[in-house]
Amino acid sequence: MSAIVRELSYAQAIQEALAIAMEDDERVFLMGEDIGVYGGAFQVTGDLVHRFGEDRVMDTPISELGGAGVAVGAALTGMRPVFELQFSDFSTLAMEQIVNQAAKLRFMLGGSVSVPLVIRMPTGSGTGAAAQHSQSLEAWFAHIPGLKVIEPTTPYDAKGMLLAAIADPDPVIMFEHKLLYKSKGPVPAGRYAVSLDKAQVRREGRDVTIVASGIMCSRALDAAATLAEEGVEAEVIDPRSLRPLDMATIVQSVKKTSRLLCVYEGVKTLGIGAEISAAIAESEAFAYLDAPILRLGGAESPIPYSPILEKAAVPQTPDIVAAARRLARGQV
Amino acid sequence: MSAAAAKSETVQPSNRPPIYERLNAAQLREALHKMLLIRRFEEAAEDSYVRGQSYGTMHLSIGQEAVAVGVCTWLSDSDYITSTHRGHGHCIAKGAKVDRMFAEFLGRETGYCRGRGGSMHIADPATGNLGANGIVGGGIPIAVGAALSAKKLKTGAVVVSFFGDGANNEGAFHESLNIAAVWKLPVVFVCENNGYGMSVSTKRSTAVDSVAVRAPAYAMPGVSVDGNHFAAVAEASFEATERARRGGGPTLIECVTYRTRGHSRSDRNRYRTPEEIETWKARDPIPAFERELEAFGFLSRVEIEKVRAGVDEEIKQALAFAEASPVPSAADLLRDVYTV
């Protein structure tokens, strides 16, 4: 029997995953700043505190380092914490526990422990919150062996990947783009999991491969629709997981289209697209390339406040259209 | 501290610390055994380094043994500890076996971390030891998390977080004490104040005279004891662990002690005088403990010598085990980065 499918927002889909995980497993609990009666800064946890109580939906003091460490310690000793960092920017305060402890404990201790911890991070720009509440730091975490890093694009994936992340024995960092929270999509009721290591082809095409995750994937799909009107068929790949990165899917696509455009909101230099470009250059797909690889990334600046500047700091749909068009027409 | 020190040096049955009423001869023999085992383990570790058998660095706790053993006397395998870069003593006091510790030291597959962690990361989850930690203050919030698990899972476990005086100036210390107090968690914060964070004295680094006075800021009891006096440490940690088990919340214990060796292998002792080191060597916690055990009629000199001889043999066998153990295979490098 197939499950009932509803239209849910990305935020609702996450909340549903959290509720299911807590219903199914007594060990699962939520920690974070203002996730209780306030409902979370982005209303992701919403009313969960009324349903599950303050012992399972725990407001923490404003102590990101301490909170992250408590989550690591609880994960080590039999619990399954889901820790919300109110903004991904605040991970800077918690890096010690995430990078030195959560990511390394299993390895450092010779495999004698696991750290089943999920850290959720609202991320990205587009809300006028300026430089300290708008960053895209995915590449920092994707650089750390021992972490798994996911960035779901659709409500369906947000729910399924979060359920898989909570069930996973290793620390998973989940980036949630703030502009996606209200976007809607079909979400089956009940339990299902989406794997944490597979990219997905969101749109098939023969002329150019666009790799883009999170909000950039939505923009790449919009761009692909415009390009199609001009006769350019773009293939859009949503990596979904940034560590591990499913390069096989990307290599296969590039062998077909012979052109690659990487789009990401994080700062262009040394970002996710830099890694994908390098991996393609090292792969069998290199010989298939008919044009240089292009990257569209965040500007080499902090995220500014004024809307006109903020938009200029990260790739927008027309930028993606223009770059893909140049690639497809051999103008690079 | 000076009063406590004077007391421990003039041992008479009439001034027997009351905590001895809670411990029998067998428990005290085991405490002495562990203190000696820590001392001999670290001396042998140092020796293996000098002979070029071990690698990397090490941080010796020689002179601080009464803290680790005095605290862990009240813990069972279902209780947890988190430890520090200077953690050999905590591991042994919590029940780790010295053969697997030496094996870790020599980077062998039979070591506690299968040679992946070395001296600074020895852990033994089976005995509740969540591990030494290379980051100053790194283990403190983890201990609070383990205490949260204990409370949620109703295991009755208590968690001890060992850390040094250096950690009392880390943000992790302050955030952790606050969270533990707000959530009333069963955790005991044990600061081993050995006077120096690497080379900088507590006087130069810490605005308050005693780490224990940080406690009232987090609405928990704080007590400062002579860390070289087993009974003083045992008394304070008995009260703190009992309080935690009763649901009374956290306690901060400062144990004033001294490491007679340098910070690590790179230490050239430029920040303290030979006289200071000699003064503290004269206050060695192990002979002081032995004097009390003898004076209070728990162990005879002959029995003490038997414990000492047994430890020497244990160390010899442990080293032989480690030396005969296989090294890891480079092909296994990625094995434990992820569980799945």
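Chains as they are written, first to last, in the working numbering: chain W, 57 to 388; chain C, 21 to 360. From the three backbone atoms N, C-alpha and C, an ideal C-beta is built for every residue, glycine too.
Assigned exposure category for residue i - 16 Cβ within 10 Å defines buried
| i | result |
| --- | --- |
| Y320(W) | buried |
| L326(W) | exposed |
| S190(W) | buried |
| Q387(W) | exposed |
| V370(W) | buried |
| I76(W) | buried |
| S22(C) | Any answer about S22(C) is weak, because its pLDDT of 44 lies below 50 and its placement is not dependable; what the coordinates show is given next. S22(C) comes out exposed. |
| S28(C) | Caution applies to S28(C), whose pLDDT of 48 falls short of 50 and renders its modelled position unreliable; the value that the coordinates give is listed next. With 16 or more Cβ atoms within 10 Å of its Cβ, S28(C) is classed as buried. |
| N248(C) | buried |
| N214(C) | buried |
| P363(W) | exposed |
| R315(W) | buried |
| R59(C) | buried |
| L48(C) | buried |
| S168(W) | buried |
| R71(C) | exposed |
| S65(W) | buried |
| I118(W) | exposed |
| K326(C) | exposed |
| L23(W) | This structure cannot settle anything about residue 23(W), because the visible part of chain W is limited to 57 through 388. |
| A166(C) | buried |
| H106(W) | exposed |
| K174(C) | exposed |
| Y94(W) | exposed |
| R344(C) | What sits at residue 344(C) in the sequence shown is Ala, not Arg. A344(C) is exposed by the Cβ-count criterion. |
| V347(C) | exposed |
Residue i - DSSP class collapsed to helix/strand/coil
| i | result |
| --- | --- |
| N248(C) | coil |
| I335(C) | helix |
| N189(C) | helix |
| E89(W) | coil |
| Q256(W) | strand |
| C275(C) | strand |
| D144(C) | strand |
| L313(C) | helix |
| T183(W) | coil |
| R275(W) | helix |
| R285(C) | coil |
| S357(W) | coil |
| R328(C) | helix |
| P56(W) | Since the first and last residues shown for chain W are 57 and 388, residue 56(W) lies out of range. |
| A67(W) | helix |
| G109(C) | helix |
| T102(C) | strand |
| A378(W) | helix |
| G167(W) | coil |
| S22(C) | Legend: pLDDT at S22(C) = 44, less than 50; position of this residue unreliable, value from coordinates given subsequently. Helix, per DSSP. |
| V253(C) | helix |
| E289(W) | coil |
| A340(C) | helix |
| G131(C) | coil |
| T261(C) | helix |
Expected contact under 8 Å - CB spacing of residue i and residue j to nearest Å
| i | j | result |
| --- | --- | --- |
| S103(C) | A152(C) | 4 Å |
| T209(W) | D294(W) | 5 Å |
| M230(W) | R296(W) | The pair is not a contact, with the Cβ atoms about 11 Å apart (cut-off 8 Å). |
| R299(W) | K324(W) | Rounded, the Cβ-Cβ distance is 19 Å, inconsistent with contact. |
| R389(W) | E289(W) | Shown here, chain W extends from 57 to 388; a query on residue 389(W) therefore has no answer. |
| R112(W) | F85(W) | 4 Å |
| P97(W) | P178(W) | The sequence given here has Ala at residue 97(W), not Pro. Indeed they touch by this definition, with Cβ atoms about 7 Å apart. |
Heavy atom of the ligand COA within 6 Å of residue i beta-carbon
| i | result |
| --- | --- |
| E63(C) | The ligand COA is not part of the structure shown, which contains no ligands of any sort. |
- Pick out the complete beta strand (DSSP E) segments inside the stretch 295 to 340 of chain W, 3 residues or longer, and give them in chain order. 297 to 299 and 316 to 323
- Message: Please give the ranges of any alpha helix (DSSP H) in the stretch 163 to 240 of chain C, keeping only runs that are unbroken, at least 4 residues long and fully inside the region.
- Response: Those alpha helix (DSSP H) runs which fall completely within the stretch 163 to 240 of chain C and span 4+ residues are 191 to 202 and 222 to 225.
- Could you list the residues in the stretch 195 to 211 of chain C with a C-beta less than 7 Å from some C-beta on chain W, going in chain order? So the close ones are E195, S196, N198, I199 and V202.
- Positions along the stretch 147 to 164 of chain W whose CB lies within less than 8 Å of some CB in chain C: E152, Q153, N156, Q157, L161, R162, F163 and M164
- Query: Going along the chain, which unbroken runs of the beta strand (DSSP E) with 3 or more residues stay wholly within the stretch 76 to 162 of chain W?
  - Reply: 84 to 88, 113 to 115 and 136 to 140
- In the stretch 206 to 226 of chain W, which residues sit with their C-beta less than 9 Å from some C-beta in chain C, listed in chain order? D224, P225 and D226
- Any chance you could list the beta strand (DSSP E) runs of at least 3 consecutive residues sitting entirely within the stretch 184 to 245 of chain W, in chain order? 204 to 206, 228 to 233 and 240 to 244
- Query: Given a limit of 9 Å on CB to CB distance, which residues of the stretch 155 to 166 of chain C reach chain W?
  - Reply: I155, G157, G158, G159, I160, P161, I162, A163, V164, G165 and A166
- Query: Relative to chain C, which residues along the stretch 177 to 203 of chain W have a C-beta separation below 7 Å, given in chain order?
  - Reply: P201 and G202
- Query: Using a Cβ cut-off of 9 Å, which residues of the stretch 299 to 331 of chain C contact any Cβ in chain W, in chain order?
  - Reply: none
- Message: Along the stretch 135 to 157 of chain C, where does the CB come closer than 7 Å to a CB of chain W? Name the residues.
- Response: R136, G137, H141, A143, P145, L150, G151 and I155
- Item | Contacting positions in the stretch 131 to 146 of chain W - beta carbon closer than 9 Å to chain C | A131, L132, T133, G134, M135 and P137
- Which runs of the alpha helix (DSSP H) fall wholly inside the stretch 28 to 76 of chain C and span at least 4 residues, in chain order? 45 to 70
- Item | Residues, ordered as in the chain, of the stretch 322 to 338 of chain W that lie near chain C by beta-carbon distance below 7 Å | none
- Message: Beta carbons nearer than 7 Å to chain W: which residues of the stretch 170 to 199 of chain C have them?
- Response: K172, L173, G191, A192, E195, S196, N198 and I199
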